[in-house]
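Going by the numbering used here, the residue at position 83 of the sequence shown is 83; the numbering climbs one at a time, nothing skipped.
Note sheet for the following structure.
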Amino acid sequence: FRRQMLHIERLLRSCDETLVSHLEEQVNFTISKKLANNTKFHRLEQLRNSLLTSDDYMQIVNKLSYSNESVDKNKLRQLIVKARDNKKTGNVNYSTELFRYLRDNILNDEAVKELLK
1 FRRQMLHIER
11 LLRSCDETLV
21 SHLEEQVNFT
31 ISKKLANNTK
41 FHRLEQLRNS
51 LLTSDDYMQI
61 VNKLSYSNES
71 VDKNKLRQLI
81 VKARDNKKTG
91 NVNYSTELFR
101 YLRDNILNDE
111 AVKELLK
């Protein structure tokens, strides 16, 4: 790793300053994109947990289906019920399936932010 870093350092010294600034912008963009994805991932986990623990989860489901047209209310409700039943037995398969469904079908991250407030 140290040798690789020294090699990269030598290459950067021989490069043009505009190329170095462009590389720095690309690295910063990649890092910010990864942070945004992590934030979205954590919001979806919080949403899943609130759906599993809330007594009035249908209100959240209705808001989700209103803000995201790709969300099927019946499928989401079935996944929540199955995940709640499996949570009692200690099985997490449906909880994972619920998270995957939310991840794949929720396009509007702003709606998730509003629901978690």
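A virtual CB, placed ideally from N, CA and C, is assigned to each residue, including glycine.
These figures come from a predicted structure and were not determined experimentally.
Going by CA-CA distance only, name the one from Lys87, Asp85, His42 and Leu12 that's closest to Arg103. Taking the Cα of Arg103 as reference, the smallest distance to any Cα among Lys87, Asp85, His42 and Leu12 is reached at His42.
The stretch 69 to 84 in contact with the stretch 49 to 60 per 3-pair CB rule at 8 Å: Under the three-pair Cβ rule at 8 Å, the stretch 69 to 84 counts as touching the stretch 49 to 60.
Determine the DSSP secondary structure at Ser54, reduced to helix, strand or coil. DSSP, reduced to helix, strand and coil, places Ser54 outside both helices and strands of the structure shown, so it counts as coil.
So, using beta-carbon positions, are Leu64 and Tyr101 closer together than 8 Å? No. Outside cutoff.
What's the C-alpha gap between Asn74 and Val61? So the alpha carbons of these two residues sit roughly 9 Å apart.
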